[in-house]
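Numbering (the working numbering), first residue to last: 652 to 1044.
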């Protein structure tokens, strides 16, 4: 863990050297992404930076190329980018300072202007000990201890990691308690810094709904505002409206699957959502798959894949050139235990490779991963994935 903090300091020393005072924070669209982006945004603004944010569901190489082509700007990737660290490094033709604050599976890189501060490179696990938000929080704290007033955002962002907080997540919680930003009562933790007391689980859920379900309705920007300014009547109303929209879509999808069943292969079960989640960010398919993995219609011994079409639009950026499908992979608890014991292949090792076979890409964790591939290849993708799982046994 000490190596992690040493490398944070190295990146901050480099940040202090550069004369550039503009930054772009690229982030994911769920609670961890919104919280980590908010932490970095506030910390940089306090340090004198002009900061813009860009929310992405998936990090397309074409987006990397465009955003990194601008000179005189520092780029942060938070809760996104780890799996694509090599591509980020290769496309940094302007030699801008780039800092990656993420916890997904990654690889080390050798580039003097790119700092991959993923805790997994320093002996911590991104699935248990570090969220993107706790990673971003300790970066902000190392920059200036004034940023300890953002510790509650690290706590909210870490909710996605199951079990009692450990590692960086526990340390962030301790800071939040010390600063009276959260209050613990037994196992329940409430945030006190969002204008009204709210459980961290509920805060996390509402932020994820704003960011993903509301992706095309300015939801990520509303979510960041909530993180930094607390809930307003308008933001609460919007979150509840989007929550109901998602509930209806989830109910429709589940009823359809109960009626038709999942498509079955030897090692894989999969479905295509069609337009059920239309006009929502594609993170919703992953959230639905996580929920579905606990339902009786799912075979606990098979990998679960859910797919939905993507809109070409990336809000506040532009249009994609191709039509893509988003795929999310999940596992049951039984299968997750086998993967963690090395008896079954990790999703993060198989799913991205299959996405590449169909002109796409992917990333994620060992028991939860996602990617994109060209539309129209859904069944072929599932068959290829199934065969790759078979080969990896």
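Glycine included, C-beta positions come from ideal geometry on N, C-alpha and C.
On the DSSP letters alone, give me the boundaries of the beta strand (DSSP E) that residue i sits inside.
i            : result
residue 954  : 954 to 960
residue 882  : Neither: residue 882 is in no beta strand (DSSP E) and is coded neither H nor E.
residue 772  : Run containing residue 772: none; DSSP gives neither H nor E here.
residue 1042 : Unbroken run through residue 1042 is the alpha helix (DSSP H), 1029 to 1043; no beta strand (DSSP E).
residue 920  : 919 to 923
residue 752  : 749 to 752
residue 823  : That residue, residue 823, is in no beta strand (DSSP E); its alpha helix (DSSP H) goes 818 to 829.
residue 841  : 839 to 842
residue 739  : Element bounds for residue 739: not the beta strand (DSSP E) but the alpha helix (DSSP H), 736 to 741.
residue 836  : 833 to 836
residue 949  : Counting along the chain, residue 949 falls outside any beta strand (DSSP E), and DSSP gives it neither H nor E.
residue 810  : Careful: residue 810 lies outside any beta strand (DSSP E) and carries neither H nor E.
What does residue i pair with, by DSSP beta-bridge criteria?
i            : result
residue 785  : None; residue 785 has no bridge partner.
residue 706  : 678
residue 1054 : With the chain running from 652 to 1044 in the structure shown, residue 1054 is simply not present.
residue 852  : Its beta-bridge partners do not exist; DSSP assigns none.
residue 942  : In DSSP, residue 942 forms no bridge with anything.
residue 915  : 920
residue 1020 : 980 and 1015
residue 873  : BP columns for residue 873 are empty, so no partner.
residue 970  : 964
residue 1025 : 975
residue 728  : 677 and 751
residue 765  : 749
residue 722  : Paired residue(s): none; residue 722 is not in a bridge.
residue 907  : Answer by DSSP bridge pairing: none, since residue 907 is not bridged.
residue 895  : Residue 895 is not bridged to any residue.
residue 701  : 673
On a CA-only basis, which of the options is nearest residue i? Give me that one, please.
i            : options                 : result
residue 919  : 715, 850, 784 and 954   : 954
residue 1028 : 712, 1011, 742 and 669  : 1011
residue 704  : 673, 713 and 722        : 673
residue 747  : 815, 1007, 719 and 914  : 719
residue 729  : 825, 986, 685 and 772   : 685
residue 853  : 691, 906, 1031 and 682  : 682
residue 846  : 724, 868, 877 and 865   : 877
residue 864  : 880, 855, 894 and 884   : 894
residue 777  : 743, 817, 962 and 741   : 817
residue 745  : 844, 755, 824 and 717   : 717
residue 756  : 772, 750 and 741        : 772
residue 796  : 814, 809, 815 and 830   : 830
residue 724  : 1032, 764 and 992       : 764
residue 913  : 890, 934, 950 and 880   : 950
residue 870  : 659, 680 and 666        : 680
residue 660  : 696, 794 and 916        : 794
residue 1024 : 898, 1014, 1007 and 980 : 1007
residue 652  : 938, 841 and 774        : 774
residue 739  : 731, 758 and 715        : 715
For residue i, count neighbouring C-beta atoms within 10 Å of its own C-beta (all shown protein chains included) and say buried if the count is 16 or more, exposed if not.
i           : result
residue 948 : exposed
residue 859 : buried
residue 972 : exposed
residue 780 : buried
residue 839 : exposed
residue 654 : exposed
residue 967 : exposed
residue 820 : buried
residue 910 : exposed
residue 727 : buried
residue 888 : exposed
residue 883 : exposed
residue 710 : buried
residue 664 : exposed
residue 934 : buried
residue 960 : buried
residue 670 : exposed
residue 998 : buried
So residue i and residue j are supposed to be a Cβ contact under 8 Å. How far apart are they, rounded?
i            : j            : result
residue 976  : residue 1021 : Wrong, their Cβ atoms sit about 11 Å apart, outside the cutoff.
residue 1002 : residue 995  : Their Cβ separation, rounded to whole angstroms, is 13 Å, which puts residue 1002 and residue 995 out of contact at 8 Å.
residue 940  : residue 957  : 4 Å
residue 1049 : residue 922  : With the chain covering 652 to 1044 only, the question about residue 1049 has no answer from this structure.
residue 901  : residue 867  : Not quite, the Cβ-Cβ distance comes to about 18 Å (not below 8 Å), so this is no contact.
residue 1017 : residue 983  : Between residue 983 and residue 1017 the Cβ distance is about 14 Å, and since that is not below 8 Å, they are no contact.
residue 786  : residue 752  : 5 Å
residue 762  : residue 743  : 7 Å
residue 855  : residue 807  : 5 Å
residue 875  : residue 692  : 7 Å
residue 750  : residue 662  : 6 Å
residue 677  : residue 731  : 6 Å
residue 735  : residue 1037 : Contact flag wrong, Cβ pair sits at about 25 Å.
Starting from residue i, trace the alpha helix (DSSP H) in both directions and tell me its first and last residue.
i            : result
residue 800  : Careful: residue 800 lies outside any alpha helix (DSSP H) and carries neither H nor E.
residue 1000 : 998 to 1008
residue 984  : 984 to 991
At a Cβ threshold of 9 Å, is residue i touching chain D?
i           : result
residue 912 : Of the chains in the structure shown, none is chain D; there is only one protein chain.
Cβ-heavy atom distance between residue i and the ligand NAP below 8 Å?
i           : result
residue 782 : Among the ligands in the structure shown, none appear at all, so the ligand NAP cannot be discussed.
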